[in-house]
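Since the structure comes first, as C-alpha cells, the remarks are kept for the end.
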Amino acid sequence: MHNAEDRSFIGHPRGLGYLAFTEAWERFSYYGMQSLLVLYMVNRLLHPGHIERIAGFGLFRHLLESIYRGPLSVQALASAIFGLYTGLVYLTPIGGGLIADRVLGRTRTVTIGALLMAAGHFLMAFDVTFLAALTCLLTGVGCFKGNLASQVGALYATGDNRRADAFQIYYIFINAGVIAAPLIAGTLGEVYGWHYGFGAAGVGMLIGLTIYLTGRRWLPPDSPVVEKGARAAKIPLTHREKMAIVALIALLPVLTIAVIGNQQIFNAYLVWAHDNADLIFFGRKMPTTWLITLDSIVSVSFLAGAVVFWRLWSKKFPEPPEITKIGIGSLVAVTGFVSLAIGAAIAASSGGKISIGWLITFHVLNSIGFANVFPVSLALYARAAPAALSATIIGIFYLHLFAANNLVGWIGGLLEKMPATQFWLLHAALCGTAGIIFLVAGRLFGHLLAPGDNDKGQID
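For what it's worth, the working numbering labels the leading residue of the sequence shown as 7, then goes sequentially.
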C-alpha cells in the first residue's frame, strides 16, 4: 500500500517508479506519433490521392481556412493542424481533471484515457480515420495527463521537500520515452512506412497501461471528494487558497509565451531542418525525426544536472523560489534560439546548408533553460493548488500549452514568409520577454505562492 514515508525508489515512494515508467511509455507513444505527424502530413497525407479519403476533412479544412483567412498551402495546412491538435491536447486535461475529481476518480480516469490513446494510435494507420484518430488521442490525453501528474504530487505528505525532486525525476522518465520514440516509431515511420510508426506508438501505450495497473496498490488513494460526493465538493476555500489560484492563473499567459519556442521544435523546426540543415552525422544522413531524440538526450542530461545543481546550491545558499527558477530558465533558453538565428544567417550568406553543430548548440542551450521551466512550473502548480482541486488545477496548468501550441501553428506558418534568421529571433524575443516578466512577478506576488500552512501539495 502507499506510504508517504517510503523511500524504496531512489529515495522516493515506490509509486513514483510506477507512475514515472507509465508516463515514459505514454510519452513514447505520444512523441512517436508527434515526431511523424507533420512530416506524414507534408509528405503524404495532405497530397492528392490521400487527402480525399479522410472522412470529414472537407469541412474541417474549410473551418481552418476560415480561421486563417485564406487558402493554406500543404505546409501551412499541416502546421495549422499540428498547432490545433497539440493545443487541444493541453486543453482537454481540464475536463479530465474535473471527471477525476468529481466523478470517476483518478485511477479509472487514467485507465480510460490510456485505452482511448491506444485506439487513436492504431486508427492513424488508415487515411479515412485520421480525424477520428486525433479525436481519440485528444480525449485520451485529457483523461490521462493531468491526473497522472496529480498522483505524483499526492505521493508526498505536507511539507515533504522531495516533491520538487520527484517532478524532475518524473520529467527525466518523460524524456527517456521521448528519446526512444523517434528512434523506434520515428524510424519505422520514415524508413519502413508511416503506419508502422503509428502502430508502434499504440503498442507503447498499452505497455504503459499494463505498468500502471500493475502498480495500483502503490499509488495514493483517490480524493475523498470522489468518495463523499457533492457534499465534500462544497468545502470552502480559504482566502490564501483563493489568492493562490488567482496567482497561478495569472502566470498562465507568461508560461504560454515562454514555451512557444520549445514547442516549435516539433513543428516548423523539423520542416526547416529537413529542408535546410546538413544532417550528416558520422558520415551518414540521419532521419529528421532523430532531432527529437537528440533533444531528449540532451534534456535528460540537464534535467538530472538541474536536480544535482539545486541540491548542492541549497547546502550553501537559500534555494530560490520556483517562479525565480522559471524566469532564469527562460532567459537561458533565449541563447538557444539566438544560436539558430546565427547559424541560419551564416548558411544564408554562404548559400549552403546549416551545420548540425548549430542545431546541437541550440538543443544544449534550450535544454539547460527548460530544465528549470517545465518540471519546476509543474511542481509549483502541484504544490500551490488547493488539495480538493489538485487534478483540476493541474489541468488548468496545461492551458498554457494549449495556447502555446495554437500559437505555434500560426507562427510556424510564418516560416514561408520571413527569413529564418528573423523567424528564430522572434522566438528568442518571446522567451526573453517571458523570463523578465517571471522575475518581476516573483517580486510582486511571489509571496502568494510561497509554502504555507495550507500547502498540502496532495489530495488527502
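All C-beta atoms, glycine included, are put in the ideal place defined by N, C-alpha and C.
Can you tell which of the options has the C-alpha that lies nearest to the C-alpha of residue i?
{"i": "residue 112", "options": "246, 364, 401", "result": "401"}
{"i": "residue 97", "options": "142, 403, 441", "result": "403"}
{"i": "residue 177", "options": "107, 407, 25", "result": "25"}
{"i": "residue 154", "options": "30, 67, 135", "result": "30"}
{"i": "residue 133", "options": "43, 185, 107", "result": "43"}
{"i": "residue 442", "options": "264, 367, 293, 321", "result": "264"}
{"i": "residue 360", "options": "348, 369, 16, 61", "result": "348"}
{"i": "residue 283", "options": "364, 135, 390", "result": "364"}
{"i": "residue 21", "options": "175, 41, 108", "result": "175"}
{"i": "residue 346", "options": "427, 135, 318", "result": "427"}
{"i": "residue 456", "options": "141, 108, 409, 326", "result": "326"}
{"i": "residue 279", "options": "297, 67, 121, 290", "result": "297"}
{"i": "residue 299", "options": "213, 181, 129", "result": "181"}
Please name the residue or residues paired with residue i in a DSSP beta bridge.
{"i": "residue 286", "result": "291"}
{"i": "residue 374", "result": "Answer is none; residue 374 lacks a bridge partner."}
{"i": "residue 360", "result": "283"}
Look up residue i in the DSSP assignment and say whether it is helix, strand or coil.
{"i": "residue 6", "result": "No answer is possible for residue 6: it lies beyond the span of the chain, which begins at 7 and ends at 466."}
{"i": "residue 443", "result": "helix"}
{"i": "residue 15", "result": "strand"}
{"i": "residue 381", "result": "helix"}
{"i": "residue 239", "result": "Here residue 239 scores only 49 on pLDDT, less than 50, and its place in the model should not be relied on; the value that follows carries that caveat. Three-state DSSP puts residue 239 in a helix."}
{"i": "residue 132", "result": "coil"}
{"i": "residue 466", "result": "For residue 466, the pLDDT reaches just 30, beneath the cut-off of 50, and the residue's location in the model is therefore unreliable, although a value from the coordinates is still provided. Three-state DSSP puts residue 466 in coil, outside helix and strand."}
{"i": "residue 247", "result": "helix"}
{"i": "residue 23", "result": "helix"}
{"i": "residue 422", "result": "helix"}
{"i": "residue 173", "result": "helix"}
{"i": "residue 95", "result": "coil"}
{"i": "residue 107", "result": "helix"}
{"i": "residue 452", "result": "helix"}
{"i": "residue 457", "result": "coil"}
Indicate whether residue i and residue j have their beta-carbon atoms separated by less than 8 Å.
{"i": "residue 211", "j": "residue 127", "result": "yes"}
{"i": "residue 168", "j": "residue 18", "result": "yes"}
{"i": "residue 277", "j": "residue 81", "result": "yes"}
{"i": "residue 352", "j": "residue 285", "result": "no"}
{"i": "residue 334", "j": "residue 378", "result": "yes"}
{"i": "residue 78", "j": "residue 69", "result": "no"}
{"i": "residue 173", "j": "residue 381", "result": "yes"}
{"i": "residue 187", "j": "residue 38", "result": "yes"}
{"i": "residue 95", "j": "residue 144", "result": "yes"}
{"i": "residue 28", "j": "residue 217", "result": "yes"}
{"i": "residue 93", "j": "residue 411", "result": "yes"}
{"i": "residue 250", "j": "residue 454", "result": "yes"}
{"i": "residue 201", "j": "residue 120", "result": "no"}
Okay, do the segment 289-309 and the segment 387-401 touch, 3+ Cβ pairs below 8 Å being the bar? Contact between the segment 289-309 and the segment 387-401 is absent, with fewer than three C-beta pairs closer than 8 Å.
Touch check for the segment 439-448 and the segment 116-125: three-plus C-beta pairs under 8 Å? By the C-beta criterion, the segment 439-448 is judged not to be in contact with the segment 116-125, since fewer than 3 inter-stretch pairs fall below 8 Å.
Touch check for the segment 73-90 and the segment 405-419: three-plus C-beta pairs under 8 Å? At 8 Å Cβ cutoff, the stretches touch.
Would you call the segment 201-209 in contact with the segment 48-66, where contact means no fewer than 3 C-beta pairs closer than 8 Å? With a cut-off of 8 Å, the segment 48-66 and the segment 201-209 do not count as touching, because too few Cβ pairs lie within range.
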